[in-house]
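Chains as they are written, first to last, in our numbering: chain A, 1 to 112; chain B, 1001 to 1118.
Ideal Cβ positions, reconstructed from N, Cα and C, are used throughout, including at glycine.
Source: prediction; values computed, not measured.
For reference, the structure discussed in these notes is given below.
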Amino acid sequence: QKEVEQNSGPLSVPEGAIASLNCTYSDRGSQSFFWYRQYSGKSPELIMSIYSNGDKEDGRFTAQLNKASQYVSLLIRDSQPSDSATYLCAVKLRDAGNMLTFGGGTRLMVKP
Amino acid sequence: GAGVSQSPRYKVAKRGQDVALRCDPISGHVSLFWYQQALGQGPEFLTYFQNEAQLDKSGLPSDRFFAERPEGSVSTLKIQRTQQEDSAVYLCASSFTISGGNRYNEQFFGPGTRLTVL
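Shown next as structure tokens:
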């Protein structure tokens, strides 16, 4: 079992819809969770961080964390074609020092 | 302000050559990380510095890989006797610190160096 898992996709949604991206992790003691967006040929860009159970909203993005179930999700409201990218979930695992452990990423396609 | 910068952006090496990849972190950022990203996969940790001290090098795949940050700012990742399996994008990230408030742990990535070994 991988330490951080994501569905590779592609996840295809129509423009204006809500895109829901999910991530599960193996280390129950993990405390820090991040979502990065990566356009093709570019480097990861931090879009959300979340540390406590519940929801955190920033513009069209909402991160949701459920530590008991060991999952973190990212919702993108009013999806735009410009949101088409790979979304990487990253976790600072409890026993892995200060590094980030990444999932394989979910490719999102928003169709006009 | 300026973000993390990396050079060169692209590097083509013949198998067996040595290469050096440079990372210039965000000014004032204490922590610096190197990751390797293969095509279609998430980044994988290589090594981590706090100031000039290399505190974790558990992700370096072999003793051909060496990293340094002698003055606590710019870092260099060196790969000796490159092999085809070293072909990947090498990403550098920095964060303000690793202690203190959570926000200061956020890691910001540079543009990466794409290494191709022929």
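Taking 7 Å as the CB-CB cut-off, is residue 103 of chain A touching chain B?
yes
With the cut-off set at 7 Å, would you say residue 121 of chain A and residue 110 of chain A are in Cβ contact?
The structure shown does not extend to residue 121 of chain A, since chain A spans only 1 to 112, so no value can be given for it.
My output table needs one value for residue 14 of chain A: the three-state DSSP class, helix, strand or coil.
strand
Which ranges does the beta strand (DSSP E) cover as unbroken runs of at least 3 residues, wholly within the stretch 1001-1034 of chain B, from first to last along the chain?
1005-1007, 1010-1013, 1019-1024
Could one say the Cβ of residue 44 of chain A lies closer than 7 Å to chain B's Cβ atoms, at least one of them?
yes
At least one CB of chain B closer than 7 Å to the CB of residue 22 of chain A: is that the case?
no
Measuring from the CB of residue 102 of chain A, is there a heavy atom of the ligand MN at a distance below 6 Å?
Absence of the ligand MN is noted for the structure shown, with no ligands found whatsoever.
Am I right that residue 1110 of chain B and residue 43 of chain A are in contact with their C-beta atoms under 8 Å? What's the rounded C-beta distance?
6 Å
Inter-residue spacing [alpha-carbon to alpha-carbon] between residue 1073 of chain B and residue 1050 of chain B:
10 Å
Chain B contact for residue 29 of chain A (CB, 7 Å cutoff)
no
Between A:72, A:95, A:96, which lies nearest to residue 89 of chain A when the distance is taken from Cα to Cα?
A:72
Using only alpha-carbon positions, find the residue among A:86, A:46, A:77, A:98 that is nearest to residue 7 of chain A.
A:86
Going by CA-CA distance only, name the one from B:1062, B:1040, B:1117, B:1060 that's closest to residue 1083 of chain B.
B:1117
Do you know how far the Cα of residue 106 of chain A is from the Cα of residue 22 of chain A?
9 Å
Does residue 1042 of chain B pass the burial test, meaning 16 or more other C-beta atoms within 10 Å, or should it be called exposed?
buried
Chain B contact for residue 84 of chain A (CB, 7 Å cutoff):
no
Residue nearest to residue 15 of chain A in terms of C-alpha spacing, selected from A:94, A:95, A:77:
A:77
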